[in-house]
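Per our numbering, residue 9 is the first one in the sequence shown, and the count goes up by one each step. Each residue gets a CB set at the ideal place from its N, CA and C atoms; glycine is no exception.
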Amino acid sequence: MARRRCKTAFRVYLPSMLPVLLESAADIHDLQSHRRVILAEMYASRDGIGHQIATWGENFQMKQLLAGVIMIAVIAMIFNELVRSVETRCSHWRT
9 MARRRCKTAF
19 RVYLPSMLPV
29 LLESAADIHD
39 LQSHRRVILA
49 EMYASRDGIG
59 HQIATWGENF
69 QMKQLLAGVI
79 MIAVIAMIFN
89 ELVRSVETRC
99 SHWRT
């Protein structure tokens with residue numbers, strides 16, 4: 009009985025759950041990667057938008073700082089929507 013349940017779980021439930029699990033993992037990874045790249049630029053680079061944001065924050069240049077943060081937010085939203093459109097095109101078989 010237990011062996012039958014185990015077979016059912018691995019042959020039916022796991023393959024049906026796999027796309028949803030991968031999609032969730034991709035969304036979480038997407039959010040984490042953007043944040044890590046910006047933080048790495050803020051602390052370790054000599055060039056790039058992250059470095060510029062850090063410099064503007066240290067020098068209290070609030071207009072430039074806000075513009076940089078908004079620009080990063082817009083880029084992240086555009087990238088997120090691109091990933092979503094690819095997901096909808098590739099997952100047309102799901103209900």
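- Per the Cβ contact rule, the stretch 32–39 is in contact with the stretch 82–97 (3 or more Cβ pairs under 8 Å).
- With a 10 Å radius around the Cβ and a threshold of 16 neighbouring Cβ atoms, I46 comes out buried.
- Annotated three-state conformation of R54 is coil, per DSSP.
- Distance between A10 and L30, taken at the CA atoms: about 27 Å.
- Bounds of the alpha helix (DSSP H) holding R13 are A10 to T16.
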